[in-house]
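Beneath this line is the structure, given in C-alpha cells, with notes to follow.
There are 2 protein chains.
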Amino acid sequence: MSYKAFTNDDYQALLNIIDDKDRVLYDEIQEEYGHDELGSVSCPPDVVVRPKTTAEVSDVMKYAYDNNIAVTARGAGTGLVGACVPIEHGILMDVSLMNQILELDDDNLTMTVQPGVLLMEIGDFTEEHGLFFPPDPGEKSATIGGNISTNAGGMRAVKYGVTRDFVRELEVVLPSGKVLTLGGKVVKNSSGLDLKDLIIGSEGTLGIITKAVLKLLPAPKKVISLLVPFPTLRQAIDTVPKIVASESVPIAVEFMEKDVILDAEEYLGKKFPDHQSDAYLLLRYDGNSTEEIEAEYEPIADLCLESGALDVLISDTQEREDSIWKARGAFLEAIKGSTTDMDEVDTVVPRSQVNEMVAYFPEVSKKIGLRMKCFGHAGDGNLHTYMLKDDLSSEEFQLRLGQAMTLVYHKAAELGGLVSGEHGIGYAKRAYLEETMDDVNLELMQGIKQTFDPKNILNPHKVFQS
Amino acid sequence: MSYKAFTNDDYQALLNIIDDKDRVLYDEIQEEYGHDELGSVSCPPDVVVRPKTTAEVSDVMKYAYDNNIAVTARGAGTGLVGACVPIEHGILMDVSLMNQILELDDDNLTMTVQPGVLLMEIGDFTEEHGLFFPPDPGEKSATIGGNISTNAGGMRAVKYGVTRDFVRELEVVLPSGKVLTLGGKVVKNSSGLDLKDLIIGSEGTLGIITKAVLKLLPAPKKVISLLVPFPTLRQAIDTVPKIVASESVPIAVEFMEKDVILDAEEYLGKKFPDHQSDAYLLLRYDGNSTEEIEAEYEPIADLCLESGALDVLISDTQEREDSIWKARGAFLEAIKGSTTDMDEVDTVVPRSQVNEMVAYFPEVSKKIGLRMKCFGHAGDGNLHTYMLKDDLSSEEFQLRLGQAMTLVYHKAAELGGLVSGEHGIGYAKRAYLEETMDDVNLELMQGIKQTFDPKNILNPHKVFQS
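Those sequence lines, one after another, are chains A and B.
Heads up: the first sequence begins at 1 in full-length UniProt numbering, then just goes up one per residue.
Heads up: the second sequence begins at 1 in full-length UniProt numbering, then just goes up one per residue.
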C-alpha cells in the first residue's frame, strides 16, 4: 500500500468542501486525535475533518478516493484497541459534530440518529419519552457510531442482546463516496445478503456510518438488583447457568471480586454496601412493577442460597441501587487509577467456560509476572481483564503483555471462545485474531474488504488486514 | 457462465465419495426434486446427492469445484421462491438425511443440529426439555437449514425476533469444499467481520450449512390468545402500533379478514369461534402463569375496546386456543385449495405503513383483474398476499401476475418496505429485488458472491445474480 502524501493543496481542496476553518484542522491538531482511550498505539493524522452532514462525509471521501488518501473515522475516541488511530496518517474523519437526534417514530418504535450522538444522550432522550434503548456498555460518553462499529454489548446482553439487535437501518458512505442505505424500519428482512450486519462490528473498515435507525422498546418501569456474596468465585460463577436457564431471565449477571470493589471504593470515596465476602454476583431484574419483579427474583434468590450463597441483598432503595452500580461503573477507571499504565483483553467464552477462563488468569499472572484484574459479564461470558504495568519498564511491560495475551487468547480459543466480545480488534488485537482464526475465514474477510474498498483507503491496517 | 455437462463418469466419481446407490440418484430422479412448494419455476437436476456428514458435503463440493459443476442445496423443498431449484441442472445436494440433533447444552442453553432437522422436530425436542426455540414460521415441515437460509421469521417475531437472532454458530462448506466455522457458543462477538450473519439469509448462494448451534430460551409455561373483532380492517391495524408500544409486548399480532377465515373453515371442516365481524386482530401472550399473562393483556384488551374493537374474546381453554391457531395455520393451504394455481408476495413494510399497504391490494386486484387474498403479521409489517389464477389461462395469469407484482413491490419500496420479509428472493423475485434496490447495493452483493464463490457454481441465478 502506498498513499499520496498529504499536502497544502489537499488541505485547500478539503476547505473547498467544508468551508469552515474550525472544521478542517491542519496546522494545529490536538494530540488526542492521534490515539484512543487506552493509548497503546498512537499516530497523528495529517488533517482532521469535522463534517456535519452526510454530503460532507461523501464529498471528503470521494476526494480521498480520487487522490488515494487514507481516511479513518473517529467518534468520541473512547475505544480500547486503536481502531480509530490513523496509522497511515491522512484524513481523520471526526464525526462528533454529527450529533443530532433526527427523529422519534412512535408508531415504529425507532429513533434516527447521526453517528456522533452519545450513548448518554440516547439514554436521556429515550427516558424522557418512556422508551428504552437496551444496549448498555459502561462507557456512556461513547458515540452510537462507535458502539455500532464494535457491536458493543454491555451489561444488559443477557436479556436483551447486543447493539446489533437494535439497529434497524444504516446509512453508510462507501470509500468511493457513494451513499448506501441498508435495512429499513422493518422488523423482518429476507431481501438479499445482509450487508447491514456486515457493517455492524466492522470497525470503520468498510464504510463510514452517517445515520442509524435504532429499535427501541417501551421502558420498563422499575429495576431491582440483587447483590449475592458467595464463599468462592467458583461457586458464584457455577450458579450463573442455572440462573440463566430459570424462568426469570435477569437483564444482567455480573461477577466481581473484593479487590476490585476496594479499588472502586477508593476511587469513588464511597463505601460499597457489603464486605462480607471475596466474591459476588450482581443480578439485575426489570419489569413494570415491584410485585412483578419480586415474583421473578424470589425463586432466583432461593436458587442462589441453595447453591451456596452467603446472603442475598436486595437493592430495595434507589440509594442502594445507585451505590452498587456506581461502584460497578467505576471499575475500569478505578483499576486504571491503581497503576501506571495498563492494557486489556475482552475475551468472550461460552457461559459454561467462564470458571475455566477466570481460573486461568491468576496462572498467567504468576507465570508471566504481571498483575492482572478481572471483572465482567458472567451472564454472557464476556470477561474484561486488565494487565497492569505498575513499576515495570515500558519495554518489560510490552514484552510480558505480549506473552500474557498470547496465553489468554489461545486459552479462550481452546474453550470455544473468541478474541473480543465487544471492544473489537482494531489495531492492538489484530495479531491475536490472526493467530486464533482460520485462514479461510480471514481470506473471506479480506475479500469482502477488497469489494468494499478496492484501494484500501479506509482505516487501513485494522482488524484483519496485513 | 458455462458449466461442465454432467456425465456418467461424474456419477461414478460421486459414487466413489458416497458409496451408496440409494444416496446418489441418477437414473431415476423424482419429479419433486425439480421444484419447490409453489412450483412456479421448475428445472430437473442431473444428479441428486444425499449426504449424511459434513465430510461428504465437502468432498462432493470439492469435486464439483474442480470440475466446474453447478451445485444447489435443498432441504424439505417447502420454499416459495424457487431458491432450491437447480436452474443449471448439475448436482442437487439434498441435506434432508443430515437430520440429527447432535447436542443439547444446558449450561449454554443451545442445541446443535444438522441442517435437515425439521422445525417440528426442534419444537418437540425443546418442549420435552422445557426449552423453547422462538422462531415460528407457519411451515413446520421446513428444515432448519432452510429457515436459516431465508432468515425465516414467523409469528413470534414481534416479541422474540427472527431466526437470525437465534443462531449462535454455523458450520458451512464453501464452494471450494473447505469447511468453515462461524460464530460460537458465545453471546457477544466483536471479532472481525460478521460472516455468520452474511450466511444467514443468503439462500444457499455462499455456502452450504452443515451444522448450526441454536440459541434456546427457557419455555414459557402458558400461552393465552385474544381474538379481537373490529368494525373495519383499518381500525384493527391502526390499533397495532399502540399495542406494540404498550408495556406488554405480545408474542404475535396477526390480522385476518372474514373471507380468509371462511376458506380455512371450509378447508378444515371446523368452525372458527367467532363470525361477528369482517376484520380481526389475533394477539398472543406468553408467560409463566395465568396471573402474569392476565396482568399483561388486561390493559391491552381495554386499549383495543377504546380503539373501537367490538369485543375481546379470550382463549381461556386449550380447545379454543387450538381452534383459532389451527385456522390461522391453515390459511395458506385453504387459499391454495380455493383456486387452480397461485403465487405470492411477502413484502415487509414499517409497522406504521401496514394500513397503506393493505389498502393498496384491492386497488391492484381491481386494476389488473386478479383475485388476491392477504393475511399476515400486523405486528411486524410482514404481509402475505396471494395472487390467484382461478380460471385465467396460464399465459394470462403470468402476464397479470407480473403486472400486479411490479405494482406491489414498487408500492412497498415507496412505503420504506422491502421485497421479502421471510420467504426470500430465490429465483422468482430476483427481478423485483433488482428493480427496487440500489445498484451499489447489488454490486456489493455480487462482489461478496465472487469472494465466496469465484466460479459461481453454488446455486447460480439466485437472489442477486445476473
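For every residue, glycine included, the Cβ atom is placed at its ideal position computed from N, Cα and C.
Check                                                                                                                                                                  : Outcome
Short of 9 Å Cβ to Cβ, which residues in the stretch 424–437 of chain A face chain B?                                                                                  : Gly424, Ile425, Lys429, Leu433, Thr436 and Met437
Excluding the 5 residues flanking Lys140 of chain A on each side, which residues of the same chain have their C-beta closer than 6 Å to its C-beta?                    : Leu119 and Met120
Can you name the start and end residues of the beta strand (DSSP E) that Lys211 of chain B belongs to?                                                                 : Ile208 to Lys215
Listing by chain order, which chain A residues have their CB less than 9 Å from the CB of Val348 of chain B?                                                           : Gly184, Val186, Val187, Lys188, Asn189, Ser190 and Ser191
On the criterion of 16 or more Cβ atoms from any shown chain inside 10 Å, does Gln318 of chain B qualify as buried, or is it exposed?                                  : exposed
Can you grab the Cα-Cα spacing for the pair Pro362 of chain B / Met437 of chain B, in whole Å?                                                                         : 25 Å
Who are the neighbours of Met445 of chain B on chain A, taking C-beta pairs under 8 Å?                                                                                 : Gly192, Leu193 and Leu195
Keeping to the same chain, check which residues put their C-beta closer than 6 Å to that of Leu38 of chain B; ignore five residues upstream and five downstream.       : Leu80
Scan the stretch 300–312 of chain A for residues whose Cβ lies nearer than 7 Å to a Cβ of chain B and list them as they occur along the chain.                         : none
Output, in chain order, the set of chain B residues within a Cβ distance shorter than 7 Å of Ala245 of chain A.                                                        : Asp106, Leu109 and Pro218
Only counting runs of 3 or more residues, tell me where the beta strand (DSSP E) segments fall wholly within the stretch 155–215 of chain A, in order along the chain. : 167–173, 179–183 and 208–215
Pull out every residue of the stretch 145–162 of chain A whose Cβ sits closer than 8 Å to any Cβ of chain B, in chain order.                                           : Thr150, Asn151, Ala152, Gly153, Ala157, Val158, Gly161 and Val162
Shortest alpha-carbon distance to Asp390 of chain B belongs to which of B:Gly424, B:Ile335, B:Gly146 and B:Trp325?                                                     : B:Ile335
Determine the contact status of Val173 of chain B and Thr53 of chain B, defining contact as a CB-CB distance below 8 Å.                                                : no
Please list, in chain order, the residues of the stretch 389–421 of chain B that have any C-beta partner in chain A closer than 9 Å.                                   : Gly416, Gly417, Leu418, Val419, Ser420 and Gly421
Measuring CA to CA, which of B:Met405, B:Val349, B:Arg284 and B:Val260 is closest to Ser365 of chain B?                                                                : B:Met405
What does DSSP give as the partner residues of Asp343 of chain A in its beta bridges?                                                                                  : A:Met387
Looking at the structure shown, is Ser365 of chain A part of a helix, part of a strand, or coil, going by DSSP?                                                        : helix
Do we get a CB-CB distance below 8 Å when we pair Arg234 of chain A with the residues of chain B?                                                                      : no
Have a look at the DSSP bridge pairing and note the partners of Val223 of chain B.                                                                                     : B:Asp286
Spatial neighbours of Asp311 of chain A within its chain, please: C-beta separation below 6 Å, excluding the five flanking residues on both sides.                     : Pro229
Can you check DSSP and say which residues form a bridge with Gly376 of chain B?                                                                                        : B:Phe255 and B:Leu383
Is Asn355 of chain A close to chain B, meaning its C-beta is less than 8 Å from at least one C-beta of that chain?                                                     : no
Return the CA-CA distance between Pro231 of chain A and Glu396 of chain A, expressed in angstroms with no decimal places.                                              : 36 Å
Name, please, each residue of chain B whose Cβ falls closer than 7 Å to the Cβ of Thr451 of chain A.                                                                   : Leu444, Gly447, Ile448 and Thr451
Determine the extent of the alpha helix (DSSP H) in which Thr150 of chain A is found, giving its start and end residues.                                               : Ile144 to Thr150
To the nearest angstrom, report how far apart Gly376 of chain A and Met256 of chain A are at their CA atoms.                                                           : 7 Å
What is the C-beta distance between residue 467 of chain A and Ile209 of chain A, in whole angstroms, given that I count them as a contact (C-beta under 8 Å)?         : Because chain A here runs from 1 to 466, residue 467 of chain A falls outside it and cannot be looked at.
Out of A:Gln465, A:His275 and A:Glu88, state which residue places its alpha-carbon closest to the alpha-carbon of Thr72 of chain A.                                    : A:Glu88
What do you get for Thr347 of chain A, buried or exposed, if any count of 16 or more other CB atoms within 10 angstroms of its CB means buried?                        : buried
With a CB to CB cut of under 6 Å and the five nearest residues on each side skipped, what residues in its chain are close to residue 469 of chain A?                   : Residue 469 of chain A is absent from the structure shown; chain A starts at 1 and stops at 466.
Ends of the beta strand (DSSP E) at Glu103 of chain A?                                                                                                                 : Ile101 to Asp105
Anything in chain B within Cβ reach of Val440 of chain A, meaning under 9 Å, just list it in chain order.                                                              : Leu174, Ser176, Lys178, Val179 and Leu180
Three or more C-beta pairs closer than 8 Å, one from the stretch 153–170 of chain A and one from the stretch 187–200 of chain B: is that the case here?                : yes
Cβ of Leu383 of chain A less than 8 Å from any chain B Cβ?                                                                                                             : no
When you compare each of A:Val117, A:Leu418 and A:Tyr33 to Val85 of chain A by their alpha carbons, which one comes out closest?                                       : A:Tyr33
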